[in-house]
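Undergrad: Numbering-wise (my numbering), the sequence shown opens with residue 3 and increments by one.
Idealized CB from N, CA, C, for every residue including glycine.
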Amino acid sequence: MSSMPYSRSDRLVAASGAGHNAVPDLRSWLRKLAATDRLAIARPGVSLIDQLAAIGKRLEHTSAVLFPAPKGHSIPVVSNIFTDRNWVAESIGVPPGQLLTRFQDAVRNRLPWIEVDNAPAQEVVHKEVDLLRQLPIPKHNELDSGPYITAALLISRNPKTGIQNVSIHRCQVSGSDRIGVLILPRHTRHYFDMAEQAGEALDIALVVGVHPACILASQAIAAVDEDEMEIAGALLGHPIEMVKCKTNDVRVPAHAEIVIEGRILPRVREPEGPFGEFPQYYGPRANREVIQVDAITHRAKPIYHTITGGGMEHLVLGEIPREATLLEHLQRSFPSVRDVRLPRGGTCRYHLVVKMDKTNNGEPKNIIMGAFAGHYDLKQVVVVDMDVDIDDPNEIEWAIATRFQADRDLLVVSGALGSKLDPTTDNGIGAKMGIDATKPVDVDPMVFKRIHVRGEEDVDLTQCLADDAESVAEKILAE
Ligand code: MN
3 MSSMPYSRSD RLVAASGAGH NAVPDLRSWL RKLAATDRLA IARPGVSLID
53 QLAAIGKRLE HTSAVLFPAP KGHSIPVVSN IFTDRNWVAE SIGVPPGQLL
103 TRFQDAVRNR LPWIEVDNAP AQEVVHKEVD LLRQLPIPKH NELDSGPYIT
153 AALLISRNPK TGIQNVSIHR CQVSGSDRIG VLILPRHTRH YFDMAEQAGE
203 ALDIALVVGV HPACILASQA IAAVDEDEME IAGALLGHPI EMVKCKTNDV
253 RVPAHAEIVI EGRILPRVRE PEGPFGEFPQ YYGPRANREV IQVDAITHRA
303 KPIYHTITGG GMEHLVLGEI PREATLLEHL QRSFPSVRDV RLPRGGTCRY
353 HLVVKMDKTN NGEPKNIIMG AFAGHYDLKQ VVVVDMDVDI DDPNEIEWAI
403 ATRFQADRDL LVVSGALGSK LDPTTDNGIG AKMGIDATKP VDVDPMVFKR
453 IHVRGEEDVD LTQCLADDAE SVAEKILAE
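1) Could you tell me the distance, in whole angstroms, from the CA atom of Ala24 to the CA atom of Ile94?
2) Would you report the Cα separation of Gly275 and Pro447, rounded to the nearest angstrom?
3) What's the C-alpha gap between Gly313 and Leu479?
4) Take the Cβ of Arg188 as the centre, count every other Cβ of all protein chains shown within 10 Å, and call the residue buried at 16 or more, exposed below.
5) Is Trp115 close to chain C, meaning its C-beta is less than 8 Å from at least one C-beta of that chain?
6) Would you mind reading off the limits of the beta strand (DSSP E) that contains Leu204?
7) For the ligand MN, any of its heavy atoms closer than 7 Å to the Cβ of His377?
8) Based on DSSP bridge pairs, tell me the residues matched to Lys141.
9) Taking just the CA atoms, how far does Ser30 sit from Thr427?
10) With a CB to CB cut of under 8 Å and the five nearest residues on each side skipped, what residues in its chain are close to Glu325?
11) Any heavy atom of the ligand MN inside 7 Å of the beta-carbon of Ser158?
12) Heavy atom of the ligand MN less than 7 Å from the Cβ of Pro189, yes or no?
13) Does the ligand SAH have a heavy atom nearer than 7 Å to the CB of Glu228?
14) Using only the heavy atoms of the ligand MN, determine whether one of them is closer than 7 Å to the beta carbon of Asn167.
15) Could you give the DSSP three-state label for Thr299: helix, strand or coil?
16) Going by C-alpha distance, which of Phe84, Ile266, Ala56 is nearest Tyr193?
17) In angstroms with no decimal places, state the Cα-to-Cα distance between Arg191 and Ser158.
18) Just to confirm before moving on: does the CB-CB distance between Pro268 and Gly201 stay below 8 Å?
19) May I ask you to list the residues that DSSP assigns as paired with Ser473?
20) Tell me where the alpha helix (DSSP H) around Asn368 begins and ends.
21) I'd like the span of the beta strand (DSSP E) that includes Arg346, first residue to last.
22) Would you check whether the ligand MN has a heavy atom nearer than 7 Å to the C-beta of Glu224?
23) So does the region 240-260 actually touch the region 292-308, counting three or more Cβ pairs closer than 8 Å?
24) Enumerated in chain order, which unbroken segments of the alpha helix (DSSP H) with a length of 4 residues or greater are wholly contained in the region 388-433?
25) Can you round the beta-carbon distance between Ile2 and Val80 to whole angstroms, since I take them to be within the 8 Å contact cut?
26) Just verifying my parser: in three-state terms, what is the DSSP assignment at Glu279?
27) For Leu133, which option in His142, Pro98, Gly164, Asp179 has the closest C-alpha, if you only look at C-alpha atoms?
28) Please state the DSSP three-state secondary structure of Met244.
29) Taking only the alpha-carbon atoms, compute the straight-line gap between Thr308 and Ser421 and give it to the nearest angstrom.
30) Output the boundary residues of the beta strand (DSSP E) element that contains Asn167.
31) Between the Cα of Leu412 and the Cα atoms of Asp438, Lys248, Cys216, which residue gives the shortest distance?
32) Assuming Ile398 and Val390 form a contact by the criterion Cβ under 8 Å, report the distance between their Cβ atoms to the nearest whole angstrom.
33) Taking the beta carbon of Gln465 as the centre, do at least 16 other beta carbons fall within 10 Å, making it buried, or is it exposed?
34) Just tell me which of Asp359, Glu458, Leu137, Leu145 has its CA closest to the CA of Ile151.
35) Quick check: the Cα distance between Gly430 and Val461, rounded to an integer number of angstroms?
36) Given that a residue counts as buried once 16 or more other Cβ atoms are within 10 Å of its Cβ, and exposed if not, what is Glu315?
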């Protein structure tokens, strides 16, 4: 699909080295999904208002969806490029069991990007901007204030050093060349505060349609002035090619589909929201920062990527980098910690499950306290033993049911900082709950010996079951 001069797929895969089998851009990943029956194609004419998100939502556990010609637009839209963590692992070319360690490795060993002069992302340049006319931007959840750009990397530069930051923000289309943006107190906010205090706008770019590794890397819980595009390069095993924007100095991925160039304006705040968020509630409307759009560039035939707020793709994308960070944080103090999960039921943010190889009584409570120090979003931590499958919510509940007593194994901390998007908190102030669902050390092994039927895992059903089930059943039941 991409034009030949830019088609570097073969070289990049060849250069990606041992252990890496990553695809180099969004299109390669979509090709892989199509070739393995995981890319549904919608009929033309699907409405960008609600209907596109509705179809995506129905398929969010099953397949990606490509909308070749949504109503009123010639630019195709794609959604659900991840439906679970296994797809994420596949997109960066690692087995699911190595996903977190691979991500940790990339955060520790970033790979600087390289600058190129020509980019597919700039084949078409619009200096006259009309967002909704030029781009197929959908409205997603029912009470969202309108169309939102949801899957764009927001790239900004430290105004003093030029070091870049990459993150994802919800971006409301507020006018033909105006975007309302939510900027939480992290790195983009830090750079914008520096610019605004000097009375300046902060130059930015919104980049839509990039390799999954770039999206994943943008969610890394890295330090300020650690460029997430270098993490993406390390994930892929080759440097990301970047190009300078047409109207400012921000560098963007050359193989992106679409780039929106602009500036976050100083001392301007306008209403933004409501918008459907990861806790499955709406983030409220309030006066927030504004991006003035200066240009749109894109491939000759671009593809637009959208993510439904609070949908599976949103949750999965936040989950992996947070798990990797929390695992690293815990293992620094507790070598007995082996794995962590942020389960769906806890919105992939608020509830953590820790798997440990327990050798000391009491240590699970230390681990619980350590985990709460690792990220303020966490409000519940469950610690389980090595024999519990932490990908199965029933296993976790079973561990709590049979290895936990509330008066002995429960830890509650009140009045701590939590997530402001948790509607039960008092503007972010809330309680923490830790559950030690591990069995005691030095107990009679028979007490916690899990029952098991010998040979269950070795049964070959094709050898054991009759081919003519219906007629045999009929014969026996007739007598
Ligand atoms: Mn950052």
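TA: According to the structure shown:
1) Confidence at Ala24 is low in this model, with a pLDDT of 41, below 50, so the placement of that residue is unreliable and no value is reported for it.
2) 56 Å
3) 48 Å
4) exposed
5) As a matter of chain content, chain C is missing from the structure shown, which is built from one protein chain.
6) 204-210
7) no
8) Ile51
9) 43 Å
10) Leu102, Val342, Arg343, Leu344
11) no
12) As written in the sequence, residue 189 is His, which differs from the Pro given in the question. Because some heavy atom of the ligand MN lies under 7 Å away, the Cβ of His189 counts as near it: yes.
13) Among the ligands present in this structure, namely the ligand MN, the ligand SAH is not found.
14) yes
15) strand
16) Ile266
17) 10 Å
18) yes
19) Paired residue(s): none; Ser473 is not in a bridge.
20) 365-376
21) Taken as a continuous stretch (DSSP letters only), Arg346 belongs to no beta strand (DSSP E), as it is neither H nor E.
22) A small fix is needed here, since residue 224 is Ala in this sequence, not Glu. Within the cutoff, so yes.
23) yes
24) 395-405, 408-411
25) Outside the shown range of the chain, which is 3 to 481, sits residue 2, and nothing can be said about it.
26) coil
27) Asp179
28) strand
29) 25 Å
30) 166-170
31) Asp438
32) 7 Å
33) exposed
34) Leu137
35) 51 Å
36) buried
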